[in-house]
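Peer 1: Okay, so the sequence shown: first residue is 1 according to the UniProt record's numbering, each after it adds one. Quick one: structure below, then a few questions.
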Amino acid sequence: MSNQLKLGLPAGSLQDATAELFRKAGYKVTFASRSYYPTIDDPDIHCTLIRAQEMARYVRDGSLDCGLTGHDWVVENDAEKDVVELAELVFSKVSRRPVRWVLAVPNDSPIQTPKDLQGKRIATEVVNITRKWLASHGVTASVEFSWGATEVKPPKLADAIVEVTETGSSLKANNLRIVADLLTSTTRFIANPAAAADPWKRQKMDDLVLMLKGAMAAEGKVGLMMNVPREKQAAVVALLPGHKPTLSALSDPEWVDVLVILTENEVRQLIPSLKRAGACGIVEFPLNKVID
């Protein structure tokens, strides 16, 4: 095939969330057992399953044209100046909010500030990020790579840890408290500079990003459609502050169709009010994508 986009998909904790996002965007991604090459229902795209921690490295050297990974791993691999960021996609394994890399210590630890880390031992998966942060505070400490289960290492195997968290619940469960935030991270769609400069590949990536962002924009939103007597139109529209409903004429000139996009949690309070104001034939429907 003359034109093919080499796309990296994150393995591990983001894998299922990524597949669901692609599904909402209109792409069917299938993960075969023991295979690192998922299939996608677009013959122009070839997928490779790679750990998010390594994605930036393979995009940087051109093994992949583009991929999804966390901003934290772009920074950890010193690839910020070597890849092109095409989009921020705020999704994760638990929620639709950024993740935080934090410095944590046991609840009874005397460490209260970065300066208290002088000469201490810190366990983390983001060694480069941690060392740069320590250097910015003028602190020298031993930073050791952690292969996992980092929360259990203090106080016997480390004085402190730098760990990623979304809710903080795992840290609390392990009797750890947060001393400082090092980095806030979200998922990014990154590209190799040469691939981003190629007209066909760039168009393919831009189209993919458009659909992914559209799927994310539709999350938590629904469409609401209703018929309204023209004499009640002003009263119904007045119940939709901050929204821009579409008004369309019906075959009966005395009626108008009102279409509006709302957040899902608004609907249960709004529909009864719309009904009382004169709307009828009210239909709520889900949205797959919202493209601005």
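Positions of the beta carbon are idealized from the N, C-alpha and C atoms, including for glycine. As the structure is a prediction and not an experimental result, all values here were calculated from the model.
Which same chain residues, not among the five before or five after GLU264, have their C-beta less than 8 Å away from its C-beta?
Peer 2: So the qualifying residues of the chain are GLY220, LYS221, VAL222.
Peer 1: Is any non-hydrogen atom of the ligand ATP found closer than 7 Å to the C-beta of LEU89, if you look at the structure I gave you?
Peer 2: Ligands displayed in this structure: none; no statement on the ligand ATP is therefore possible.
Peer 1: Quick one: Cα of MET211 to Cα of LYS289, how far?
Peer 2: Their Cα atoms are separated by approximately 7 Å.
Peer 1: Could you check what DSSP says for TRP101 in three-state terms: helix, strand or coil?
Peer 2: Strand, per DSSP.
Peer 1: THR30 bridges to which residues according to DSSP?
Peer 2: Partner(s): THR39.
Peer 1: Which residues share a DSSP beta bridge with ARG276?
Peer 2: Partner(s): none; ARG276 has no beta bridge.
Peer 1: Just the C-alpha distance for LYS204 and LEU5, rounded to the nearest angstrom, thanks.
Peer 2: Cα to Cα, the separation comes out at about 8 Å.
Peer 1: Measure the CB-CB distance between GLU166 and ARG97 and report whether it falls below 8 Å.
Peer 2: Closer than 8 Å, so yes.
Peer 1: Sort out for me which residues DSSP pairs TRP200 with in a bridge.
Peer 2: Its beta-bridge partners do not exist; DSSP assigns none.
Peer 1: Who does ASN227 pair with in a DSSP beta bridge?
Peer 2: DSSP lists ASP257, CYS280 as partners of ASN227.
Peer 1: Going by DSSP, what residue range makes up the beta strand (DSSP E) through LYS6?
Peer 2: Looking at the DSSP string, the run of the beta strand (DSSP E) that includes LYS6 is 5 to 11.
Peer 1: Would you mind sorting LEU262 into buried or exposed? The rule is 16 or more other CB atoms within 10 Å of its CB.
Peer 2: So LEU262 ends up on the buried side.
Peer 1: Is the segment 190 to 197 touching the segment 236 to 247, taking contact as three or more C-beta pairs under 8 Å?
Peer 2: No, they do not touch.
Peer 1: Between the Cα of ALA277 and those of GLU231, PRO38, ILE291, spot the shortest distance and give me the residue it belongs to.
Peer 2: The shortest C-alpha separation from ALA277 is found at GLU231.
Peer 1: Please state the DSSP three-state secondary structure of HIS71.
Peer 2: Reduced to three states, the DSSP call for HIS71 is helix.
Peer 1: Are the Cβ atoms of VAL258 and VAL228 separated by less than 8 Å?
Peer 2: Result yes, Cβ atoms of VAL258 and VAL228 sit closer than 8 Å.
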